[in-house]
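Chains as they are written, first to last, in our numbering: chain A, 1 to 117; chain B, 118 to 756; chain C, 757 to 1003; chain D, 1004 to 1517. Okay, structure first, notes after.
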Amino acid sequence: MAHSNKSVEDPEKEYNPVNYIPHSESHGTKEVWMGFWILLGLTLIDIAFYFIMPANMLRNSIFIVLGVVKAYYIVGTFMHLKYENNKLMLSIIIPIVFILWLIVLLLYEGDALSIME
Amino acid sequence: MSTTSHLETETHGHDDHHGHEHHKETFISKYVFSMDHKMISRQFLITGIIMGCIGVFMSILFRLQLAWPSESFGIIETFLGKWGKDGILDPNFYLALVTIHGTIMVFYVLTAGLSGTFSNLLIPLQIGARDMASPFMNMLSYWFFFLSSIVLISSFFVETGPASAGWTVYPPLSALEKAMPGSGLGMTLWLVAIILFIVSSLLGGINYISTVLNMRTKGMSMDRMPLTIWSFFFTAVLGLLSFPVLLGAGLFLIFDRSFGTSFYLSDIYLNGIGALDNVGGSPVLYQHLFWFLGHPEVYIILMPALGITSEVIANNARKPIFGYTAMVISLLGISFLSFIVWGHHMFITGMNPFLGTVFMFVTLIIAVPSAVKTFNYLATLWKGNIRFTPAMLFAIGLVSLFITGGLTGIYLGNAALDIQLHDTYFVVAHFHLVMGSASIFGMFAGIYHWYPKMFGKMMNNTLGYFHFWLTFISAYVVFFPMHFMGLAGVPRRYYEFTLVPEFGIWMDVNVVITIAAIVGGLAQVFFLYNFFVNIFKGEKATQNPWQSNSLEWTTPVEHIHGNWPGPLPVVYRGPYEYSVPGRELDYYPQNIPSDGEDDIHHTETVKVDEPTIETPTTEVDSSKVLFASFAKLFGLNRA
Amino acid sequence: MATTTVQETESIWKGGRSPFKVSYGKLMMWFFLLSDAFTFSSLLVFYGAARYSLADVWPLPDMVFNHFPLVGHYHLPLFFVSLMTFILIFSSVTMVLAVEAGHRNSHKEVGKYMLWTIIGGLAFLGCQAWEWSVFIGDGAKLYSNNFGLTADGKSYAEGLKVFGHYEWSEGLRTAGPAQFSSLFFLVTGFHGFHVFSGVVLNIIVYINVLFGTYERRGHYEMVEKVGLYWHFVDLVWVFVFTFFYLI
Amino acid sequence: MKQTQMKTFIKTGLMVLFFGFVYVAEPILELKTLNTELQEAALFGVGSDEFEPFKEATGAESLKSKIQWALYIAAGLLILVLAYVFDVASYAQKLTGRKIADANKINAWMLLIFLGVGMYFAAWEFVVHGPETKVYNSSSEHGVDYDNMFMITLIFTAIVFVATQVLLFVYSFMYKKSETRKATYYSHNNKLEVFWTIIPAIVLTILVLRGYAVWKNITYENPNSKNAQEIEVFAYQFGWTARYPGADNKFGAHSFNYISGTNSLGLAVESEVETFKEELKKDTSDYIAKINSIDTYLSELNAKVKDFKKLANFKGVEDTEKEIARVLNGEYKMDLELMLRRRTKQLERMALVEMNKEEYKATFNGSVHDDMITKEIVVLKNKPVKLKFRSRDIIHSAFLPDFRVQMNCVPGMNTEFTFVPTKSTDEIRKEKNNEEYNYYLYCNKICGQAHFNMKIKFVVVETETEYKTWIAAQKPAYPMQLPGSEKEEEINSPVENQVEESVVIIQSNNKKSI
């Protein structure tokens, strides 16, 4: 935004936070492709585990862990969160705690429901 | 700003929106599809007041039934037609009234009418911004809310009546059309209305959050924000994170209702139909998802009221709010805890009782930050110089109601005690005091306090006093005796109690409650008159009628686009610097530079901003350590 | 603003600027996505609880999603959905490349990569449509399905080899829990709806790119915002893939 | 405030009152004409039943209600006058410049008075209504723990309540505005804040730990859970039934699939299930037949319309035309198909269970044949009882306020509550000085129009002999059929009876009120 940058530089002009667009730098395409290969690799590992291991709790936890790792790469690399201000990072990540709490309790509850039936 | 930049900004409107003083406005763009946050806040408020009148009126109708069961009331037939044949309320419609009263008051009045109004009005004004981050989305937020209200009200004109499964609409009752008339089209409309409402709250929420974070004026650091802004900020976060879960719950419910799925339904045999083909679902899961919203919703309602109270009490006691940091941390604590305690609404709903224990432990922790807030209010009053404007009276009323209602929460949060109290009048008393009346009082405090800002006119104090005293007394008379009814096991949502002698003994109490409710309802006439007539005929307001510190009073009385005619104000100190020693005036507006310090970038001199009467000690203050760790986490720095 | 980094971090909350160093639009998109993450979480958590409570009778996903277009009845679990995953991840990559090109203000490249992203999104939607139609053809309805296995069916399923031909005869399959198909339709449908709206947004942005709107504006932030949304859709798919197909 | 404004307010108020008066007065005039009508009716001998409910009742009742409204309006007028008087004072103050009434002072005093009066009435409530609340008057064993828990909480909260309310109002009064004083600048005191964070935390820890112990003992670690007398409580719209396991102390299996007109609890009684299956099959073929003969149905309806028109039965015409519309827009067919789907699914589910032949046979064991279905719950004093809850249609909540027992009844889920009753019905009657007093199990979860009337009598007997005599008087609902013997005819569905009963009560109730 041309005019807003001007206003930032010029202290005489009124500062306008709305138009504040930081200088966004390009991190190059290398990392992007890196992320792509990692995601692809993780998916392939998923599939490998799927065919190698019998279905059990351990396999499921491996899948979930791999899912979280994939999420890390998508959010970190693709969505650029790794390079954002770490406060923004925190304010996005901290609320996820509530989801975890919901998951833990509802799985517990689902287990209890199955016993009751 | 140059003219070229104006032209540019107008071509891509979402990027810039202020400095449009020369912009021509038609009636439609000024009053109807307005993008100005002040107008939108007025729209929210007036819609909220109208919805509030409807909600209160409904409560009076069903209170008549409870006090004088099976007695004929002309008014019931006049307003309800076939549902009130011969002036007697239909038992089905009694449930509908209860349901819609709850829905309207919780969502439409206290969520949109309170937080929508004041977030819109105060966030830009108090942090020194020209408008919301995205005025367009702000406008959409209002219109989704408006549409949602229309849909909800329209459900009254459906042949089978509006939703009547209680405001929590637990399936299977709400999911089975044949279970009760209200679960037909009325229920569908309810769900549609709520989904529209969720969209509205989402659009509003992201706007409030990014405005507070991004658009504070120079010097308005996070620890210089008025507590109102903090409370709106946390409220928006709560809404942002909890409403989507209601959307999920609602989606499942819609599918169960209309497409034959069995998410919440299992093993049901209905009279006249036989066994349904739904197996394997669980209604308890709905309750989990609903209360994941429902509990934060309680604080979505209450926190803006608490924020408004902080501002009003500090301003009228002419004292700094006691323990600003503690107030912010307790708001944060309440917000955080409110997400993890929802299960205390379902101790005996068939939830695993072990989870009941978990929820009981986390629930009662909430009492701690609430207690801190209360004590801080008391300490703020101590040695103040209190001016009893109607706003101040309502704020004091809020604190009183908050104490009374909050303490009964300790009973209900205790799983063991909840066995007897669940779904009785004790619960009704508890939440009507702590989030119903208290939040309404907060809303009134806000309206009386910021009316000069909203409409540029003054409200009449005398009418305000009458309004307050009648409302305050009737609030207590209505809800205090209900505790005792609840303890005796009188269930809520009963159409009448005369059939059992056990509950019949409370009939005289019911009569008293109803009369008080009617008086309380009539008392609102004072307010409505005061509010609507003074918009046109009121005395013209001065720029800063309450001698307040915060930035909204530095704007001109006449509303202009962009709020400040000149450059944005610069902030030099916190919002609660009242009666600063050594100053002649008992207030110290945030935008006035103090002597010898006009460059805010000098971190060393900022210390002058916070004159404390405490002598600096070397020992480590534990609360400061706590704050420091928070500060580190969120980059908050108290210089 | 020639200040050192230390001073900068000290003053970022002082107002007059964005503490996160992002524009309000991007911030709003982030918070919207956070909110949407809660919507999807509520759906997936419900799925978890329902599945947990019906663990004994829950159909085996690899006995259901084992089709591949044009090859007929061969037991190919996970192959098709892996392809879908690949398409979505790839479209995510092209989206990042578009954003990156935007940083360099490279008008042509942004257009090129946006186009690829749109094609990827449409391909994914096509795949999903195919999968739904096969699923429905197999006997899945919103309120019922026949993916439960009888005792015979279980031993038949255990004997099935990957790449092996299979045929479901009478008596092998029986009614499965209705939640299996209804949750599949609801969650993948909701995700598909997100993909669809993402494609629509992408198309709008692409047209704007072609018209040079962002070039005139001086920055390609809009591409970045839509990109965030697009990656979020990808993120959700990772979990849908994990919970609906793998586990 | 400008005086003109006040005048407008008063004017508006008077207008409203005037209309209110007209509204009130109008029916009084009407009533006179009604009376003459009635007199005429009496004179000319028109049957009284034609006039009776509609005129007399509404007239008198609505008059009564109008009088009530008149009272409210009068109250409103009083308020208005007060407002006016109050405002004249403030206006006069402005005019003369002398302080006639200082609003600030008045409000400060009012707050203080409110505190006094409010505290008095709060105490009054405790004294007058407290005894009615059943605290320390529970009829169950865990009720004592409950009451202790309650008392502890009450003491803590009462102290905090009084202290904070007194401080709030007294501070407000003490520090009311004064021109001579300036507020003390006092923004925080960290020690104080830490202090009043820790104190509530400690108090709440005590409460939580105690509450945890009580809750645990009542629910998931109830020591009585193993050796309790089991009774199944079955909820439906709108009533309850109880099932006793009989001599073998074992409940027969049940399924919602088996619920039929004669088997309202869905018990696994083989003969019942077999006949019901036949019924269902017949139903399905009926639905199929109906779906296939929609055209004939339509022509039948058309013929009916003609007949009704001939008879000038407009109600009949209207209803039939509605039905025709339903057929034409496909709703009729959709409904039939839905019902067909439901029945087919039900049969399918039953067949699924039957697939495992041995297990299926095992469900029809003998334990169901001595199960007794009763319309009241009778338990023995001081003996642990475990209520097992089941719901037929929607969520209900079984609530026994006297025993501090409450648990939701959720369809598709089994919930239970174990407790020990310690006070027999006779004892509570004596205590209450009321020979009519009964324990009831109420419904406490919103469940539809007769929710408020959904209850079942709960009797606690004193001695074992009483209990045994009562049990002996109960007959098994589905006694074991000896081969060749006829099935007992008398056994009707208790559930259906009860449903009718509650409906009847509503109707009679409405009649009474009209």
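No residue lacks a Cβ here, since even glycine has one placed at the ideal position from N, Cα and C.
Own chain residues within Cβ distance below 8 Å of residue i, not counting five before or after
i	result
V1464/D	V1381, V1382, L1383, K1384, S1427, T1428, Y1470, W1473
F846/C	G876
T77/A	E31, V32, M34, G35
Secondary structure of residue i, DSSP reduced to three states
i	result
W1243/D	strand
A793/C	helix
P825/C	coil
M222/B	helix
H539/B	coil
G391/B	strand
L1017/D	helix
L382/B	coil
L1268/D	coil
A1238/D	strand
Cβ-based neighbour list, residue i, same chain, cut-off 6 Å, excluding 5 preceding and 5 following
i	result
W200/B	D207, F210
G858/C	V866, Y976, V979
T234/B	S158, F161, L162
F464/B	G473, A532, D535
Extent of the continuous alpha helix (DSSP H) to which residue i belongs
i	result
I527/B	507 to 529
T1418/D	Looking at the DSSP string, T1418/D is not in any alpha helix (DSSP H); the run it does join, the beta strand (DSSP E), is 1418 to 1422.
Y1001/C	Segment: none, Y1001/C is in no alpha helix (DSSP H) and carries neither H nor E.
V996/C	977 to 996
F49/A	30 to 52
T850/C	835 to 859
L810/C	Segment: none, L810/C is in no alpha helix (DSSP H) and carries neither H nor E.
I709/B	Careful: I709/B lies outside any alpha helix (DSSP H) and carries neither H nor E.
Contact under 7 Å by Cβ, residue i with residue j
i	j	result
V1211/D	F478/B	yes
L790/C	I74/A	no
M168/B	V226/B	yes
R1246/D	D1374/D	yes
G204/B	W284/B	no
P400/B	Y381/B	yes
S452/B	F349/B	no
P1414/D	S455/B	no
Where the beta strand (DSSP E) through residue i begins and ends
i	result
L1403/D	1399 to 1403
M1154/D	Taken as a continuous stretch (DSSP letters only), M1154/D belongs to no beta strand (DSSP E), being part of the alpha helix (DSSP H) at 1144 to 1177.
Q1409/D	1408 to 1412
V1388/D	1388 to 1394
Sequence-distant residues of its chain with Cβ nearer than 7 Å to residue i (five each side left out)
i	result
M1342/D	Y1290
A555/B	L419, A422, L515, L518, F519, G522
V951/C	G877, F880, L881, V989
Y565/B	T506, P507, A508, F511, M576, G581
Using a Cβ-Cβ cut-off of less than 8 Å, list which residues of the region 559 to 592 of chain B approach chain D; keep chain order.
N577, N578, T579, L580, Y582, F583, W586, L587, F589, I590
Under 7 Å (Cβ pairs) to chain B, residues found in the region 925 to 952 of chain C
P933, A934, Q935, S938, L942
In chain order, what residues of the region 276 to 308 of chain B put their CB closer than 9 Å to some CB of chain C?
none
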